[in-house]
Amino acid sequence: MKRIIMACDLQHAPKALQESALSFEPFLPNSRSVAELFYSAYHETTDDEGESLADWQRELRETADGKYGPLIPELSFQLQKDDHPIGAVVTSTFQELPLLLFVVMGAAFKGNGLSKLLMKEVIQRAKAMGLTRLYLVVTVENQPAYKLYEACGFSFAGESWADLSP
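Counting in full-length UniProt numbering, the final residue of the sequence shown is number 166, and the numbers go up one at a time with none missing.
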């Protein structure tokens, strides 16, 4: 499975849209419903590595504890519908770069533009913070994710962190 790094120049990124029935709430890594969301989003996809719900609970706790660098709270949030998480973005500072660690949408909500809504929101928040670039790592075979990121302004930045400079 080949993964590449993508970057987005925030000066040319699309603007966020707001849907009134949905809300953006702080990322809650210790919530069982958030772990269920991540399990649902990854299960039986290209990026599924056989994680169980317990594995996702542990991964989210470790991520919040800095496994991939300090979280950026302003860029880590959940998309909620009826007080239930249906999507999430988790961002950290990794090797001095703002890295989108996870962009997830619950399986029942994929394919209706909500992932793009998440991406536009995180891009706008990053711009408001004065950031000029965001990074992410994507599995090339995960074409839905790859196409989403391209549509949101991300492009190839390298195949290893050595290809990048802060």
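Using N, Cα and C, we set each Cβ at its ideal position, and we do this for glycine too.
Predicted model, so just to flag it, every value in this text is computed and none were measured.
Taking the CA atoms as reference points, F38 sits about 10 angstroms from D48. Separation of Q124 and A162 (C-alpha to C-alpha, rounded to the nearest whole angstrom) is 27 angstroms. Here Q124 carries a helix assignment [DSSP, helix/strand/coil].
Contact between E51 and Y42 holds, with the beta-carbon distance rounding to 7 angstroms and staying under 8 angstroms.
In the structure shown, K147 adopts helical secondary structure according to DSSP, grouped into three states. Comparing alpha carbon positions, the residue from L117, G66, N30, R61 closest to L99 is G66. Residue pairing by DSSP puts G158 in a beta bridge opposite I5.
V103 places its beta carbon less than 8 angstroms from that of L118. Comparing alpha carbon positions, the residue from E96, G69, A54 closest to V34 is A54. According to the DSSP secondary-structure assignment, M105 is paired through a beta bridge with G87. Residue A21 holds the alpha-carbon nearest to the alpha-carbon of D82 among E74, L60, A21.
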